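Take the sequence shown: its letter number 1099 is residue 1099 in UniProt numbering, and every next letter is one higher. Note that the Cβ used here is the ideal one computed from N, Cα and C, for glycine as well. Only a predicted model underlies this, so the values are computations on that prediction, with no experimental measurement involved.
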Amino acid sequence: MVCLRPLPVDQARERFFQLKANFGHMLSTNTDEAWMSAEKSAEQRKRNRATRTIRQMLEKIKGGPVAIEDIDWTRQIMWIGSCRVVAANLASLHCQPTDKICSRATTDDYGERSTFFFNVTGLASCTSTQPEAVEEFEEGVFEYSLQEPGELRSFYVVGTTATSAHLGQVILLHKDNVELISNAWRGERFIAAEVVLSGTQHRICIVSCHLPHQARPIEEFEESLRQLVQFLVDHQDTPIIFMGDFNCEPGTERGVMLDACFSTRGGKIVRTGMATRFGHVSQSELDYTAFNKAFQQIVLPEAAAIDTKALQHSRIELGSDHCCVTCEVSFHDPRACVVKPARVRRTRNKCRRWSVDPSLVETTTPQVLDKVQGLDITGQWEVLKQHSTQVSRPAPSLKYRDSDTLKDLCHRRRITVSMEDRATLTRRILSLRHIERTMWVQQLYERSRQGDTGAIRYLRQRNLPVQGSIHSFLSNSGGATQAGQRVQEHYEALFSKREPADDADLEACLQTFREQAQQSHCQEFSVAEVQKGVDRLKRSKVTGPSGMSNEYLSGLWGIDSGKDLLLCVLNQLLKSPALPQDFYQAHVALLPKAKEILSPKDYRPINLIEALHKLYSWLLVARLQPGWSTPRLQKGGVKGSQVCDALSSAQARVTKESKTRQYNIYLSCDISAAFDSLRQSAVARFLLEQSPRDRLHESWQLLQLILHPSLEFQWLSREWKVDQVCGLQQGGSHSAVVFSYVLGRAVQYLEEKWSSDGEECQHSSFFLLFVDDILATFKDWSQASRLVSQLIEFLASLGLALNSSKTKVMSHESVLRAGADFVFPPSCFLRDLSWGTECLYLKKRLTHFETGAQATQVGFADSTAVMLESLGRATHVAFESLKQALRRGHWCCPRKTIQLCNQYLGATWFWYSPVMEPLQKYLVQVRSLQVTFLTLMLGLCVPSSFGPPAAASLNRTRRRAVLVLLNWFVACQWVHIWVKRRWGYLGHVLRFPEGNVTRVDLLALSNTKQAAPGPWRHLHAWGMSCLNVDAQQLSDRARDREAWTSYTADILDKYAYHHPIFNPATASNWRDTVRLHTPWRLAVHVCVASAGWTVMWIDEEYGLQEFTRLGQIQEVLQIWLLWIQLEFEGLVIDVHLQDWMQQCFYSELVRFHESTFRSFNFLILYSVIPETWAEKLSRLL
């Protein structure tokens, strides 16, 4: 028994014939279970397949089987009786001159075409049928071969009798003018042949038409036109010429319908202007020519390019009542002009978002696991890509799509010929599309209201202004081709600018690295290691060129066989000396950075890297990073550090200088193309020196990922590839970490050199780093001038350079004045920079307290005031962007709205909230800002018809409602989050080692003596006051993380704020207590009547309403609420009552407030009104 691995059909076929040729003479069998045929050549097998196909066709025509002895398989001839009816060539038929012969092209099961000739006359005689029945058996058009001698032997004859036209239709094509006939079609009233012209090599379609006569019903004429229109639509890119008897005069109803069919689709009808049909008593123009849009593009534009004539006396010679109509066409000379190439639709690559079918992953993964066993890494990679394609589907788009019903209406409109039906269908299409788009928008807003991040992202971007207009760039470059060349040259220069000196250093380092790595043994990845990497994968990310998504990797890891498969591939990657070339490829998306593109620098290249590449590189870095020495000055990409560390350290330094009035000079550095310019020799040297000896293999594998990225670019229709030979590829899991360590270690070496040279620094260090953001500080201009030049030279040794247009000098105004008088060396870099009293560090303002662009006379009070300005600006920008995803009426789901507010607005400043001091004035500002945004997001609007007093009253009510609403969501209050994060961050800083830069800078504030008396608050002092302990005790308590967390509740209680639900009425007069009506608020008045408690309100439709019941006030209000909830869809119920009711029934009213919000999502507010107002309202009853 021989078991063969399944292969695709074409490969299995070749393998079968190869086995047959090699082993066919060795095998024999006496059963029908298995057999192997005798060896035949490929050409003979092709002839047999074609003959078998024609035999099946002949059996259908004959109505019975064709005997095997009536077939000559070698010469491909078939008989019926003694008559040869089918043959592969015309000579083999031995037909009579009077016999009608036609040819038929067939396609076998393998897609190979062959041509056979049919003796129609002999076949009809042998089967006792008419020749027309034989022709009509198979739909289509036959090519006839004329047997009688004469001038018609010089023509190709294409025709059929299987049409509704009288006696059929025929097209004659002279063999000298036509090189070949590539295809043919027929309709109810037309036949068509696609030909290639001998002279110009144009491929055109010639159509012969014979439309119904005037006496035939209009429905029959419309059906014929519909078929013509369908043919026009199906072959709109092929030049088509229509000729024949259209049977409709110009200006008649049918003539107008015919004109509309061609004109609405860019076609044209050319008439002779003379009569072409002559009756006994009348004459008319019925024969003319028509062209489609594609045909007009291949003829000369002159008026004489298409000349149609009617030969008036030809009808006598033809013996017909119609004249012969001729058409002369002048084509473009293909040698003298450039023919516009056909538009090539760009095939969309696989870099997009994908979704995965979990059930398909589960059922197919075991087979994939069996396939990868024993394969090298290239084979495993190919199998994994195929499996990813098999189980992945494009993520559903949120864009509007026409429904199937609408698409069907559009199709019917395209092919209709009746103008009345066309207008009716157009109105139906417009109305149905309007309804569908309205429902689509409503569903999007409903999903955004529920917190769907995809819907929110789409709505936010839907109405944003289009970025990246390239019109000016194209015009300045001289066209799209030249502009594309500029873009290509720019990025080729950017990623291929390695210097010869760097090549020599890299090669020497690689030689040493390779030798040591070969002696190191690697340990396979464990399940725990890969589990951490898979948990980091983010969903809904655009994939790399192969289309393998994070969802696919997570889906594999969710099943046992998938874990084994992923572990097998990752460990094979770790062991393999060379990885597949596709594994290094990344597609570069060029995203515009400006509204208008003026140069290639206005694009930001984003690398779309393979998901498996990211997972593999993260696993390598996770193994290597514990062995690397942590750079003391680097706060980005280093485990245990965060962006707030660098920001708080910078703010602490500026705060210390402001309090002591001893100002330093700051240099906010911007490195040009930092990642893309870093020398690869510096990266290789770092990995060689810092990696542990037992991890050199992993370090070598990581270096291979860094050295061999291949980038694919696409801009408009231009595509090119670049092998990145310099810098560090962005977008990878390893990129930021490796860059941070390399730059951090290098800068730390420079600082140690300065310290050993005797340079003094008033702070804990000269530098602060967050990845590639560098903040340098100098004590005076002399030191700055001396050390900045050394900094530039040092960065140049790493391949880096400062961007003079974005690097800025910042200091106090008095220091800047002194710098204006300082004499700098002629080549000093500081002379080329911009100076100011403020700069941006980590996109946040850095300035001393006494100065500021917001208020030059007063300035900022402290660093918190500086940060609050950034907070307000960032939250307002985020709200303007989020407004596109919000609609009025979000009060129906307040919990989701508050979560959206924190997710999209609060997240813009939560990360740096620990830097801000929670003083009472700042707490009020932040709380007020949150209330403002929530008021707008909940849709608590003030009608424009209200006057100023009423509008002011309603504004106070809605802000009060939001404050009461936040009582239910204490954990979502911005002040609560601020204080909680600040307390947690203080413990984080105190747990740092004593030499940590951030810890030293923050603790230095405690030992700072102010130049002028005043309040002195900072993070360390705030922590000591919260626990009422000294500095040492605070540090001791911070070491116990659990104990430190246990203090959080007590700290939050000190800053807790609960807005009362009882407040004086905000209305300006007693009528406004119940008269001001809005969709989100219902104002009611509660009073005591003779029959019990009475609830009074005003309904917009029915006027003044009242509800009276006897019982406890809480029970009465609950019964009234059950009745009113069916009509009220708002959020706030403003209950107006007197002061004695509050005092007597306080607990009952509070319980009613709580139960109502829990059960009905209504927010009950109590407004206390004066007794005189209550008396006036009671008189209305």
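Spatial distance of residue i from residue j (CA atoms)
i	j	result
Leu716	Pro918	52 angstroms
Pro943	Ile1051	41 angstroms
Asp602	Val738	27 angstroms
Leu816	Gly836	8 angstroms
Val372	Asn607	29 angstroms
Ala1043	Glu489	60 angstroms
Gly63	Leu90	25 angstroms
Met937	Leu802	43 angstroms
Gly852	Glu838	Only weak support is given to the placement of Gly852: the predicted model assigns it a pLDDT of 38, under 50, and the value that follows is read from those uncertain coordinates. Spanning the two alpha carbons is a distance of roughly 7 angstroms.
Ser546	Val742	31 angstroms
Arg52	Ile68	11 angstroms
Asn1069	Pro1060	22 angstroms
Arg343	Asn349	Annotation note: pLDDT 48 at Arg343 (below 50); position unreliable, no value reported.
Glu194	Arg254	28 angstroms
Val207	Ile171	8 angstroms
Glu524	Gln367	23 angstroms
Leu1137	Gln1143	11 angstroms
Ser198	Ile101	25 angstroms
Gly122	Arg84	8 angstroms
Span of the alpha helix (DSSP H), counted from its first residue to its last, around residue i
i	result
Gly836	Where Gly836 is concerned, there is no enclosing alpha helix (DSSP H), although the beta strand (DSSP E) it sits in stretches over 834-836.
Met1024	1019-1027
Cβ-heavy atom distance, residue i to the ligand FMN, below 6 angstroms
i	result
Glu1148	With respect to small molecules bound, the structure shown includes none, and the ligand FMN cannot be examined in it.
Which of helix, strand or coil DSSP assigns to residue i
i	result
Arg661	coil
Met257	helix
Leu1117	helix
Thr127	helix
Gly1092	strand
Asn119	strand
Gln518	helix
Ile1051	helix
Trp909	coil
Cys205	strand
Leu1005	helix
Cys327	strand
residue 1227	As shown, the chain starts at 1 and ends at 1181. That puts residue 1227 outside it, with no answer to give.
Lys497	coil
Trp1140	helix
Local Cβ density within 10 Å of residue i, reported as buried at 16 or more and exposed below that
i	result
Thr1172	exposed
Pro605	buried
His1153	buried
Thr416	buried
Lys1054	exposed
Leu798	buried
Gly533	buried
Residue range of the unbroken beta strand (DSSP E) whose run includes residue i
i	result
Ile1169	Run containing Ile1169: none; DSSP gives neither H nor E here.
Arg845	844-847
Ala87	83-87
Arg1109	1103-1109
Asp307	306-311
Exercise for the section: Please go through the stretch 610-668 and give each complete beta strand (DSSP E) segment of 3 or more residues, from N-terminal end onward. Expected result: None, since the stretch 610-668 contains no complete beta strand (DSSP E) of that length.
Exercise for the section: Could you pull out every unbroken beta strand (DSSP E) segment of at least 3 residues lying fully inside the stretch 538-612, listed in chain order? Expected result: Along the length of the stretch 538-612, whole beta strand (DSSP E) runs at least 3 residues long occupy 585-592, 603-609, reported in chain order.
Handout entry: Every unbroken alpha helix (DSSP H) within the stretch 967-993, with a cutoff of 4 residues, ordered by chain
Key = As far as the stretch 967-993 is concerned, its whole alpha helix (DSSP H) runs of at least 4 residues are 974-990.
Practice task
Can you check the stretch 424-488 for any alpha helix (DSSP H) of at least 4 residues that lies completely inside it and give the ranges in chain order?
Solution key: Whole alpha helix (DSSP H) segments, 4+ residues: 453-462, 471-477.
Handout entry: Whole alpha helix (DSSP H) elements within the stretch 351-408, 4-residue minimum
Key = Complete alpha helix (DSSP H) runs here, min 4: 358-372, 377-391.
Exercise for the section: Would you mind listing the alpha helix (DSSP H) stretches within the stretch 887-966 that are 4+ residues and don't spill past its ends, in chain order? Expected result: Taking only runs of at least 4 residues, the alpha helix (DSSP H) segments lying wholly in the stretch 887-966 are 894-900, 920-937.
Exercise for the section: Let me know the beta strand (DSSP E) ranges lying completely inside the stretch 754-836, each 3 residues or longer, listed in chain order. Expected result: Whole beta strand (DSSP E) segments, 3+ residues: 767-770, 773-778, 808-810, 834-836.
Exercise for the section: Within the stretch 676-728, note down every full alpha helix (DSSP H) run reaching 4 residues or more, in order along the chain. Expected result: Correct list: 680-690, 696-707.
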